[in-house]
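Student: Handing you a structure now.
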Amino acid sequence: MHKEPIDKLVFLDFFAGAGLVELGMGPEWQCAWANDIDPKKAEVYAANFDPALYHLGDVANISANHLPSGADMAWASFPCQDLSLAGWRRGMSAERSGTFWAFWRIMRDLHDLDSMPPMLVLENVTGLLYGPEFAGLCEALAGLGLRFGAVVIDAKHFVPQSRPRVFLVAVDDRVDTAPFENAQPESSPWLPKSVWSAYLALPPALRARWTWWSLPVPTETVPDVGTRIESRPTAVEWHGSEQTARLLEMMTEVNLARIEQARKDGGRQVGLLYKRTRNGAQRAEIRFDGVAGCLRTPSGVSSRQTVVVVENGTVRSRLLTPREAARLMGVEDSFVLPSSYNQAYKAMGDAVVVPAVGWLSINLLTPLALSLCHRPYAPVVYDVSDRQAHRSISQVRASHWNDARLALAASSEYPGANNSAPSSTR
Ligand SMILES: C[S@@+](CC[C@H](N)C(=O)[O-])C[C@H]1O[C@@H](n2cnc3c(N)ncnc32)[C@H](O)[C@@H]1O
6 MHKEPIDKLV FLDFFAGAGL VELGMGPEWQ CAWANDIDPK KAEVYAANFD
56 PALYHLGDVA NISANHLPSG ADMAWASFPC QDLSLAGWRR GMSAERSGTF
106 WAFWRIMRDL HDLDSMPPML VLENVTGLLY GPEFAGLCEA LAGLGLRFGA
156 VVIDAKHFVP QSRPRVFLVA VDDRVDTAPF ENAQPESSPW LPKSVWSAYL
206 ALPPALRARW TWWSLPVPTE TVPDVGTRIE SRPTAVEWHG SEQTARLLEM
256 MTEVNLARIE QARKDGGRQV GLLYKRTRNG AQRAEIRFDG VAGCLRTPSG
306 VSSRQTVVVV ENGTVRSRLL TPREAARLMG VEDSFVLPSS YNQAYKAMGD
356 AVVVPAVGWL SINLLTPLAL SLCHRPYAPV VYDVSDRQAH RSISQVRASH
406 WNDARLALAA SSEYPGANNS APSSTR
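Per my numbering, residue 6 is the first one in the sequence shown, and the count goes up by one each step.
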């Protein structure tokens, strides 16, 4: 029988937001379907990707037969507020509310239809690792016949933003995990204490399903946050001197000392300021270490970050622009942002960091998916500190991959056909 070559690996993007997972996965991957409940994010998605793929609405209303078949992976960046994951088997019903469970039910239905993607990725804040919720989540994955392991990737390895996020990568028994396992997990920077504690708190049956994923560490230096700052911002105005003075008044001695140090250091020093409530009082905290604090969604003014520039002895301040926020997420300037400040900032503050996803994709997810096509796995370590590097590396890989796929497609052993992903071998 003639087999059509497959061009791309295919994934489903749950809780897709502005579509940054799609940017990060790289050109080997094609998003076949995306879903989010937020119409404003759908607009951002439509301005940058194929809107026909985006299914606006509550994940709870999606049923398995709405989804394209044959995906290699399903990605779910479910809302971080939704950590109501505990007790899948502990006397609680699996028919729980919450977005994770809605996603899980769809996967269970696909599983029952023998068409669940062989790989699931769950992305969330590191709080996911704490408490009984994590065991509940692992139980739910085990219930789908999956093996799993978590890594914590801090985006500061790729962009000047401190943003640790947990990525739980789960695969079914079609995937031979052996070539991807870390022989020395104790020394991996992606496996901090929080991952070990979460693992050790699991019951033995779940620990038996755990995989310590192998993931290399980037070696390139990340440019200072100052390189991501617009020299002539149009989206925001510089604060007047009184407003800047008010911010300085909200600082503790330690933070004021940082401003003084920046004055002494001379030149142009760029710091990022964020407001926090400490002991009932609002405080302004500043850092000049070249890294921004974690971007948050702008539910209130205090969640926005402020750029502080100390130059020639003077201190100026203004809000971070949406474009700067996008740059801190590793998004190129060609990405279309909405004109509304809050809409744009929210689309970015809620999202994944593109090169962090790219790193995971190139070094783990893509090789895992390729291994399903019975292609020999050759681990390669890449330095990917920006999107451009990612793209050129991905293009090389994509062309190698297409050659390999054409060869595989010509072989009668190849399980996939008709531009779909490899079918189940179960
Ligand atoms: C952490 S964000 C994911 C962002 C996305 N991965 C990105 O990179 O832009 C979680 C998303 O879940 C969406 N969401 C919340 N409740 C939902 C629901 N019931 N159904 C579908 N999407 C939902 C939110 O609108 C938000 O965009």
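C-beta: ideal position from N, C-alpha, C; glycine also.
What residue does the beta strand (DSSP E) around residue 287 start on, and which one ends it?
Tutor: The sequence position of residue 287 within the sequence shown is 282, counting from 1. 286-292 is the extent of the beta strand (DSSP E) around residue 287.
Student: Helix, strand or coil for residue 3? Go by DSSP, reduced to three states.
Tutor: For residue 3 there is no data in the structure shown, the boundaries of the chain being 6 and 431.
Student: Quick check: residue 358 and residue 179, are their CB atoms within less than 8 Å of each other?
Tutor: Reading the sequence shown from its first residue, position 353 is the one you call residue 358. Reading the sequence shown from its first residue, position 174 is the one you call residue 179. By the CB criterion at 8 Å, residue 358 and residue 179 fall outside the cutoff.
Student: Terminal residues of the continuous beta strand (DSSP E) containing residue 158?
Tutor: The sequence position of residue 158 within the sequence shown is 153, counting from 1. For residue 158, the enclosing beta strand (DSSP E) stretches over residues 152-159.
Student: Does the Cβ of residue 20 lie closer than 7 Å to at least one heavy atom of ligand 1?
Tutor: Working through the sequence shown from its first residue, we reach residue 20 at position 15. Answer for residue 20: yes, Cβ within range of ligand 1.
Student: Residue 197 to residue 268, Cα distance in whole Å?
Tutor: Within the sequence shown, the letter at position 192 stands for residue 197. Within the sequence shown, the letter at position 263 stands for residue 268. About 36 Å.
Student: Grouping DSSP H, G and I as helix and E and B as strand, with all else coil, what is residue 269?
Tutor: The residue given as residue 269 occupies position 264 in the sequence shown. Per DSSP, reduced to three states, the secondary structure at residue 269 is helical.
Student: Please state whether the Cβ-Cβ distance between residue 229 and residue 137 is less than 8 Å.
Tutor: Your numbering for residue 229 matches position 224 in the sequence shown. Your numbering for residue 137 matches position 132 in the sequence shown. Contact flag unset, no.
Student: Mapping the DSSP letters down to three states, classify residue 146 as helix, strand or coil.
Tutor: On the sequence shown, residue 146 is found 141 positions in, with the first residue counted as 1. Reduced to three states, the DSSP call for residue 146 is helix.
Student: So what's residue 363 in DSSP terms, helix, strand or just coil?
Tutor: Taking the first residue of the sequence shown as position 1, residue 363 is located at position 358. Helix, per DSSP.
Student: Given 7 Å as the limit, tell me if residue 36 has its C-beta closer than that to any heavy atom belonging to ligand 1.
Tutor: On the sequence shown, residue 36 is found 31 positions in, with the first residue counted as 1. Checking every heavy atom of ligand 1 against the Cβ of residue 36, none is found closer than 7 Å.
Student: State the DSSP-derived secondary structure class of residue 281, mapped to helix, strand or coil.
Tutor: Here residue 281 is taken as the residue at index 276 of the sequence shown, counted from 1. In the three-state reduction of the DSSP assignment, residue 281 falls in the strand class, which pools E and B.
Student: Measure the Cβ-Cβ separation of residue 72 and residue 127 and say whether it is below 8 Å.
Tutor: By one-based count along the sequence shown, residue 72 stands at place 67. By one-based count along the sequence shown, residue 127 stands at place 122. Result no, Cβ atoms of residue 72 and residue 127 do not sit closer than 8 Å.
Student: Taking residue 311 and residue 292 to be in contact with their CB atoms under 8 Å, please state how far apart those CB atoms are, rounded to whole angstroms.
Tutor: Stepping through the sequence shown from its first residue, residue 311 is reached at position 306. Stepping through the sequence shown from its first residue, residue 292 is reached at position 287. Not quite, the Cβ-Cβ distance comes to about 11 Å (not below 8 Å), so this is no contact.
Student: Secondary structure at residue 141, three-state DSSP: helix, strand or coil?
Tutor: Counting from one through the sequence shown, the residue named residue 141 turns up at place 136. Here residue 141 sits in helix by DSSP.
Student: Please confirm whether residue 170 and residue 233 have their CB atoms less than 8 Å apart.
Tutor: What you label residue 170 is simply residue 165 of the sequence shown in a count that begins at 1. What you label residue 233 is simply residue 228 of the sequence shown in a count that begins at 1. Taking 8 Å as the Cβ cut-off, residue 170 and residue 233 do not qualify as a contacting pair.
Student: Quick check: the Cα distance between residue 211 and residue 116, rounded to an integer number of angstroms?
Tutor: Here residue 211 corresponds to residue number 206 of the sequence shown, with the count starting at 1. Here residue 116 corresponds to residue number 111 of the sequence shown, with the count starting at 1. C-alpha separation (whole angstroms): 19 Å.
Student: Given this structure, state the Cα-to-Cα distance separating residue 344 from residue 23, to the nearest angstrom.
Tutor: In the sequence shown, the residue the question calls residue 344 occupies position 339. In the sequence shown, the residue the question calls residue 23 occupies position 18. Approximately 14 Å between the Cα atoms of the pair.
Student: Between residue 285 and ligand 1, is the CB less than 7 Å from at least one heavy atom?
Tutor: Taking the sequence shown and counting its residues from 1, the one referred to as residue 285 is at position 280. Answer for residue 285: no, Cβ out of range of ligand 1.
Student: With DSSP collapsed to three states, give me the class of residue 248.
Tutor: Position 243 of the sequence shown, counting from 1, holds the residue named residue 248. DSSP places residue 248 in helix when its eight states are reduced to three.
Student: When you compare only the Cα positions, how much space is there between residue 162 and residue 223?
Tutor: For the purposes of this step, residue 162 is taken as residue 157 along the sequence shown, with counting starting at 1. For the purposes of this step, residue 223 is taken as residue 218 along the sequence shown, with counting starting at 1. Approximately 7 Å, taken between the alpha carbons.
Student: Quickly, what does DSSP pair residue 166 with across the bridge? List them, please.
Tutor: Start at 1 with the first residue of the sequence shown, and residue 166 comes out as number 161. Note: residue 166 sits in a beta bridge opposite 297.
Student: Near residue 321, which residues of its chain fall below 6 Å by C-beta distance, leaving aside the five closest residues on each side in sequence?
Tutor: Along the sequence shown, read from residue 1 onward, the residue named residue 321 stands at position 316. Same-chain partners within the cutoff: 243, 314.
Student: Should residue 47 and residue 58 be called a contact, given that it needs their Cβ atoms to be closer than 8 Å?
Tutor: Counted from its first residue, the sequence shown places residue 47 at position 42. Counted from its first residue, the sequence shown places residue 58 at position 53. No, Cβ-Cβ distance for residue 47 and residue 58 is not below 8 Å.
Student: For residue 133, name the three-state secondary structure that DSSP assigns.
Tutor: Here residue 133 refers to the residue found at position 128 when the sequence shown is read from its first residue. The answer is helix: DSSP assigns residue 133 an H, G or I state.
Student: Does any heavy atom of ligand 1 sit closer than 7 Å to the C-beta of residue 82?
Tutor: The residue you call residue 82 lines up with position 77 of the sequence shown. Yes, the Cβ of residue 82 comes within 7 Å of a heavy atom of ligand 1.
Student: What's the C-alpha gap between residue 247 and residue 294?
Tutor: The residue given as residue 247 occupies position 242 in the sequence shown. The residue given as residue 294 occupies position 289 in the sequence shown. Going from the Cα of residue 247 to the Cα of residue 294 covers about 26 Å.
Student: How big is the Cα-Cα spacing for residue 335 and residue 285?
Tutor: As a first step, residue 335 must be located in the sequence shown, where it is residue number 330. As a first step, residue 285 must be located in the sequence shown, where it is residue number 280. For residue 335 and residue 285, the distance between alpha carbons rounds to 34 Å.
Student: Note the first and the last residue of the continuous beta strand (DSSP E) segment covering residue 78.
Tutor: Here residue 78 refers to the residue found at position 73 when the sequence shown is read from its first residue. Note, residue 78: beta strand (DSSP E), 78-81.
Student: Buried or exposed for residue 262, please, with buried defined as at least 16 other CB atoms from any protein chain shown within 10 angstroms of its CB.
Tutor: On the sequence shown, residue 262 is found 257 positions in, with the first residue counted as 1. Per the 10 Å Cβ criterion, exposed.
Student: Kindly indicate which three-state DSSP category residue 128 falls into: helix, strand or coil?
Tutor: The residue given as residue 128 occupies position 123 in the sequence shown. When DSSP states are grouped into helix, strand and coil, residue 128 belongs to the strand group.
Student: Whose C-beta lies closer than 7 Å to the C-beta of residue 123 among residues of the same chain, with five residues either side of it excluded?
Tutor: Counting from one through the sequence shown, the residue named residue 123 turns up at place 118. If we look at residue 123 and ignore the five residues flanking it on each side, its Cβ neighbours are 77, 176, 177, 179, 180, 377.
Student: Candidates 103, 239, 21, 139: which alpha carbon is nearest residue 327's?
Tutor: One-based indexing of the sequence shown puts residue 327 at position 322. Taking the Cα of residue 327 as reference, the smallest distance to any Cα among 103, 239, 21, 139 is reached at 239.
Student: Can you pull the DSSP bridge partners for residue 320?
Tutor: Here residue 320 is taken as the residue at index 315 of the sequence shown, counted from 1. Beta-bridge annotation (DSSP): residue 320 is paired with 315.
Student: Taking the straight line between their C-alpha atoms, what separation do you get for residue 352 and residue 299?
Tutor: Along the sequence shown, one-based indexing puts residue 352 at 347. Along the sequence shown, one-based indexing puts residue 299 at 294. Here the C-alpha atom of residue 352 lies approximately 14 Å from the C-alpha atom of residue 299.
Student: Which runs of the beta strand (DSSP E) fall wholly inside the segment 188-214 and span at least 3 residues, in chain order?
Tutor: Runs of the beta strand (DSSP E) lying entirely within the segment 188-214 and spanning at least 3 residues: none are present.
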